[in-house]
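Enquirer:
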Amino acid sequence: MMRAVPRGHVARRLLPVCMALAISACRTLGPDYRPPVPPVADLALPSLAVAQGTSAAVSTVPLPERWWRLYDDPALDALVQRALAANTDLRIAQARLEQARAQAREVRAAAGVGTAVSAGAGAGQASSLGLGSSAGVHASFDAGISIDYDLDLAGRVKRLLEAQDAQTEAVAAARDLATIGIVSDVVRAYTDSCAAGASQQVVARSIQLQASELALIERAWKAGQQPAINVTRAKALLGQLQAQIPPLQAGQQSALSRLALLLGQAPAQLAAQYQHCTSIPTMAGVVPAGEGADLIRRRPDVRAAERRLAAATARIGVETAGLYPSVHLGLSAGATSRRLDHLFDDSALRYSVGPLVSWSFPNRSVARARIDAADAASRAELAAFDGTVLKALSETEAAAAAYAKALEENAVLVDVREAGRLAHAQQQQMLKAGTVSALDALDVARSLAAAEQAVATSDATVARSRIALFLALGGGWES
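Residues in the sequence shown are numbered consecutively from 7, following this note's numbering.
1. Which ranges would you report for the beta strand (DSSP E) in the region 185-228 if only whole runs of at least 3 residues count?
2. Terminal residues of the continuous alpha helix (DSSP H) containing R385?
3. Leaving aside the five residues before and after D95 along the sequence, list all residues of the same chain whose C-beta is less than 7 Å from its C-beta, in chain order.
4. Tell me which same chain residues have a C-beta within less than 6 Å of the C-beta of P12, skipping the five on either side of it?
5. Less than 9 Å between CB atoms is the rule here; does T463 satisfy it with respect to chain D?
6. Considering only the alpha carbon of each residue, which of A108, A160, T197 lies closest to Y330?
7. Which first and last residues belong to the alpha helix (DSSP H) in which N93 is found?
8. Is there contact between the region 216-236 and the region 151-165, where contact requires at least three CB pairs shorter than 8 Å?
9. Go to D320, then tell me how far its alpha helix (DSSP H) extends in each direction, as first and last residue.
10. Using the three-state DSSP reduction, which class does P253 fall into: helix, strand or coil?
11. Where does G298 fall in DSSP's three states?
12. Quick one: residues in its chain with C-beta nearer than 6 Å to the C-beta of V86, no 5 flanking neighbours on either side, listed in chain order?
13. In the DSSP assignment, the alpha helix (DSSP H) including T34 goes from what residue to what residue?
14. L267 to D378, Cα distance in whole Å?
15. Beta-carbon separation of S285 and P273 under 9 Å?
16. Indicate the three-state DSSP secondary structure (helix, strand or coil) for Y330 in the structure shown.
17. Kindly indicate which residue of A195, G245, P287 has the alpha-carbon position closest to the one of P80.
18. Taking the straight line between their C-alpha atoms, what separation do you get for A106 and A469?
19. Does the Cβ-Cβ distance between V461 and V208 come in under 9 Å?
20. Whose C-beta lies closer than 7 Å to the C-beta of S30 among residues of the same chain, with five residues either side of it excluded?
21. Excluding five sequence neighbours on each side, which residues of the same chain lie with their C-beta closer than 8 Å to the C-beta of V46?
22. Please check the pair S199 and Q255, which I expect to be a contact at CB under 8 Å, by giving their CB distance rounded to whole angstroms.
23. Determine the DSSP secondary structure at G291, reduced to helix, strand or coil.
24. Am I right that L315 and E387 are in contact with their C-beta atoms under 8 Å? What's the rounded C-beta distance?
25. Classify S205: buried if its beta carbon has 16 or more other beta carbons within 10 angstroms, exposed otherwise.
26. Would L454 and L215 qualify as a contact pair, given that the criterion is a beta-carbon distance under 9 Å?
27. Going by beta-carbon coordinates alone, are A92 and G296 separated by less than 9 Å?
28. For L428, count the other beta carbons within 10 Å of its own beta carbon; 16 or more makes it buried, fewer makes it exposed. Which is it?
29. So what's I151 in DSSP terms, helix, strand or just coil?
30. How about A390 and E168: do their beta carbons lie closer than 9 Å?
31. According to DSSP, which residues form a beta bridge with S65?
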């Protein structure tokens with residue numbers, strides 16, 4: 007006769023076997039992330055190489071962390087430091103980064119050992135149906151603790167942590183991108199203000215020269231040596247120069263307003279030293295730009311795109327793990343008694359330990375659709391990464407070329423201005439000697455004023471082009 011084997015005994019015998027098979031099959035599902043290969047094999051930048059060679063506008067020296075200190079301008083450095091501490095956009099970016107880090111800590115904490123403590127007291131009456139007479143109303147006391155741990159056999163928790171960490175790093179890169187944007191905006195606003203002040207000084211000198219020339223022509227007219235029309239023409243040129251001052255003042259006030267906004271304060275709160283700057287920040291040497299490969303590693307937008315791709319790749323594993331069961335190891339212990347003073351007697355103690363297998367048997371079509379969606383999202387992030395790299399290369403190429411050409415133009419305009427100054431000095435001597443007409447003198451004065459203003463405008467263009475190149479290089483966030 008065969009002896010019946012209790013079902014509980016069979017379960018106890020099969021449980022270790024099942025657990026061994028499950029653990030032996032343990033693996034992390036989904037693709038393992040590998041950093042993407044840039045969409046172009048050669049990261050050399052032709053315009054950057056030309057600027058490094060022919061015009062000597064830039065060098066291959068690595069870009070320093072605080073590039074604005076290359077200007078050696080304490081006032082500018084103080085403005086940047088204040089903006090980094092008080093700018094509202096940076097405060098928002100920093101708060102979002104702290105939020106992302108807190109969310110990462112939450113995910114990591116939830117993936118560890120979970121504990122729960124319970125205690126309760128109550129009163130009730132058990133049913134007497136089929137059990138004889140009721141035991142009557144009685145009290146009940148219970149206290150216990152439980153511990154739960156997810157074995158993560160399919161690697162879902164691991165992939166979830168990978169995705170969250172990568173997303174946090176993407177937010178950090180976004181904060182770095184905001185940092186270099188704010189720094190560039192501060193330097194640009196300060197430069198624009200100083201450029202407007204410098205242009206006002208140039209126009210003021212031209213007005214002074216033209217006023218002196220007008221006085222000479224008026225004296226010659228009163229002496230009968232010049233016709234009245236030359237006096238009228240000289241006054242008209244003086245008026246044209248004077249009319250250039252108000253737009254320059256308005257431009258300077260606009261730049262100061264932008265600067266104040268970047269510093270998180272009202273324009274009236276700016277110190278006088280910033281409101282009356284007349285010297286455009288410049289550098290003694292060339293711009294240190296590094297190499298093309300350095301650009302890809304340094305630019306925050308490229309790093310953010312790469313980290314978003316890593317997060318999207320990890321999410322494929324998260325969705326794939328949904329096709330498999332989750333196994334938890336649990337331990338619970340406690341005591342239940344009708345009397346509080348007997349709650350911790352040996353007879354009141356209880357405990358249990360063992361695995362809990364949970365499998366929702368999902369609709370496989372839905373699960374596969376989620377996996378396909380995660381895979382498509384990953385491919386979209388890869389395309390976004392490629393686009394970001396190409397954009398970085400394009401922006402740096404354009405900025406390097408523009409900066410090099412701005413320097414070349416500036417050099418030519420400076421030569422033209424120096425020639426104009428020499429011609430004007432010679433013309434003044436001839437005018438005093440009466441050997442040249444006032445009309446010729448007016449033409450020379452008009453040419454000199456235009457040359458002076460052209461150099462001032464070119465100086466501002468060179469300064470803005472340099473800032474655009476620094477922005478394209480993507481440095482300044484490291485510290």
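Heads up, the beta-carbon is just placed ideally off N, CA and C, and yes, glycines get one too.
Expert: So, from the listed chains and residues:
1. none
2. Sequence index remark: in the sequence shown, residue 385 carries index 379 (1-based). It spans 370-439 - the alpha helix (DSSP H) in which R385 sits, taken as one unbroken run.
3. Sequence index remark: in the sequence shown, residue 95 carries index 89 (1-based). If we look at D95 and ignore the five residues flanking it on each side, its Cβ neighbours are A184, I188.
4. Position 6 of the sequence shown holds residue 12. Its pLDDT being 44, under 50, P12 is placed unreliably in this model, and the value from its coordinates should be taken loosely. Nothing meets the Cβ criterion.
5. The structure shown contains no chain D; it is built from a single protein chain.
6. For this step, residue 330 is matched to residue 324 along the sequence shown. Minimum Cα distance to Y330 is reached at A160.
7. Position 87 of the sequence shown, counted from the first residue, corresponds to residue 93. Note, N93: premise wrong, no alpha helix (DSSP H); not H, not E.
8. no
9. Position 314 of the sequence shown holds residue 320. For the record, residue 320 in the displayed sequence is Ala; it is not Asp. 306-327 is the span of the alpha helix (DSSP H), which, as asked, contains A320.
10. For this step, residue 253 is matched to residue 247 along the sequence shown. DSSP places P253 in helix when its eight states are reduced to three.
11. For this step, residue 298 is matched to residue 292 along the sequence shown. Helix, per DSSP.
12. To locate residue 86, count along the sequence shown from 1; it is residue 80. Result list for V86: W74, V189, V192, in chain order.
13. Translated into positions along the sequence shown, residue 34 becomes position 28. Counting along the chain, T34 falls outside any alpha helix (DSSP H), and DSSP gives it neither H nor E.
14. Within the sequence shown, residue 267 is the residue found at index 261, counting from 1. Within the sequence shown, residue 378 is the residue found at index 372, counting from 1. Distance between the alpha carbons of L267 and D378 is about 46 Å.
15. By 1-based counting over the sequence shown, the position of residue 285 is 279. By 1-based counting over the sequence shown, the position of residue 273 is 267. Not closer than 9 Å, so no.
16. Indexing the sequence shown from 1 puts residue 330 at position 324. Coil at Y330, not helix or strand.
17. In the sequence shown, residue 80 corresponds to position 74, counting from 1. Per the Cα distances, P287.
18. For the purposes of this step, residue 106 is identified with residue 100 of the sequence shown, where counting begins at 1. For the purposes of this step, residue 469 is identified with residue 463 of the sequence shown, where counting begins at 1. Their backbone Cα atoms lie some 37 Å apart in a straight line.
19. Translated into the one-based positions of the sequence shown, residue 461 becomes position 455. Translated into the one-based positions of the sequence shown, residue 208 becomes position 202. Yes. Within cutoff.
20. The residue labelled residue 30 in the question sits at position 24 within the sequence shown. Caution is warranted here: a pLDDT of 40 is assigned to S30, below 50, making its placement in the model unreliable, and no coordinate value can be reported.
21. As a first step, residue 46 must be located in the sequence shown, where it is residue number 40. Excluding sequence neighbours, V46 sits near V395, L396, L399.
22. The residue you call residue 199 lines up with position 193 of the sequence shown. The residue you call residue 255 lines up with position 249 of the sequence shown. Not confirmed; about 11 Å, so no contact.
23. On the sequence shown, position 285 is the one that residue 291 refers to. Here G291 sits in coil by DSSP.
24. Position 309 of the sequence shown, counted from the start, is the residue given in the question as residue 315. Position 381 of the sequence shown, counted from the start, is the residue given in the question as residue 387. At roughly 4 Å, the Cβ-Cβ gap stays under 8 Å, so L315 and E387 are in contact.
25. The residue labelled residue 205 in the question sits at position 199 within the sequence shown. Burial call: buried.
26. For the purposes of this step, residue 454 is identified with residue 448 of the sequence shown, where counting begins at 1. For the purposes of this step, residue 215 is identified with residue 209 of the sequence shown, where counting begins at 1. Contact: yes.
27. Counted from its first residue, the sequence shown places residue 92 at position 86. Counted from its first residue, the sequence shown places residue 296 at position 290. Cβ atoms of A92 and G296: not closer than 9 Å.
28. As a working note, residue 428 is residue 422 in the sequence shown. Burial call: exposed.
29. Here residue 151 refers to the residue found at position 145 of the sequence shown. Looking at I151 - three-state DSSP - the assignment turns out to be strand.
30. Taking the sequence shown and counting its residues from 1, the one referred to as residue 390 is at position 384. Taking the sequence shown and counting its residues from 1, the one referred to as residue 168 is at position 162. Cβ distance not < 9 Å, so A390 and E168 don't count as in contact.
31. Indexing the sequence shown from 1 puts residue 65 at position 59. For S65, which the question treats as bridged, DSSP gives the partners P294.
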